[in-house]
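Comments concern the structure below.
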């Protein structure tokens, strides 16, 4: 038997957890914020629940206004109606600032919770991009500092776009009054969703 040569590159990984037992810092949220602040070229986010606090709304707006290619992917069908309409509202709000919004395949549910930035860093884990994940739930994420892993994650996101519908600002602005009411009510409930 001839031995085969394998390559095992070192990858910097930081495992971060959060939960209601940690009261001083929202570690995963702060990790996300640091990643977003460092984005120069692109920022791709996948999250089934996309319910932001003011800090995250502002930091994503700044990324958009700084010329970063911000793309957000959420499900196209809800598993929880109030969460879905609130997510759609927050993501849709960022369209005005230049973000791109995709709703994932209507025949499947998007369960990925990922962020990838500039072919340098990505995060994969259990935390949604939502208040509940940052403050109430027990969550764990891996922050990976590897161009190779980040490029693979970017490719996965790009492949998922092929199964998604882009929601442009025109499409978003033409939503019905019923949808607007659902979003408004759901957004009011955001802190407890």
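Numbering (our numbering), first residue to last: 457 to 649.
Here a beta-carbon is modelled for each residue, glycine too, at the ideal position from N, C-alpha and C.
Below 7 Å between beta carbons: does that hold for residue 646 and residue 507?
yes
Please report the Cβ distance between residue 628 and residue 548, rounded to the nearest whole angstrom; I am assuming they are in contact, meaning their Cβ atoms lie under 8 Å.
5 Å
Roughly how many whole angstroms lie between the Cα atoms of residue 485 and residue 618?
29 Å
Distance, Cα to Cα, residue 603 vs residue 638?
40 Å
Helix, strand or coil, according to DSSP, for residue 631 in the structure here?
coil
In chain order, each alpha helix (DSSP H) run of at least 4 residues that lies wholly inside the region 581-611
587-591
As assigned by DSSP and simplified to three states, the class of residue 537:
helix
Pick from 501, 480, 489 and 505 that is closest to residue 642, judged by C-alpha positions:
505
Pull the bridge partners of residue 474 from the DSSP assignment, please.
595
Can you give the beta carbon distance from residue 487 to residue 595, rounded, assuming they're within the 8 Å contact cut?
Contact doesn't hold; Cβ gap of about 11 Å is too wide.
With 16 other Cβ atoms within 10 Å as the buried cut-off, status of residue 500:
buried
On the three-state DSSP scale, how would you describe residue 464?
Because the pLDDT at residue 464 is just 45, under 50, the model does not fix this residue reliably, and the point stays unresolved.
CA-to-CA distance, residue 542 to residue 605, given in whole angstroms
31 Å
7 Å Cβ shell around residue 522 - same chain, five flanking residues per side excluded
none
Per DSSP, what kind of secondary structure is residue 637 in: helix, strand or coil?
helix
In this structure, does DSSP put residue 506 in helix, strand or coil?
strand
Could you spell out where the alpha helix (DSSP H) holding residue 622 opens and where it closes?
Note, residue 622: premise wrong, no alpha helix (DSSP H); beta strand (DSSP E) at 620-623.
Grab the span of the alpha helix (DSSP H) containing residue 485 for me, first residue to last.
483-494
What's the gap between the Cα of residue 634 and the Cα of residue 640?
10 Å
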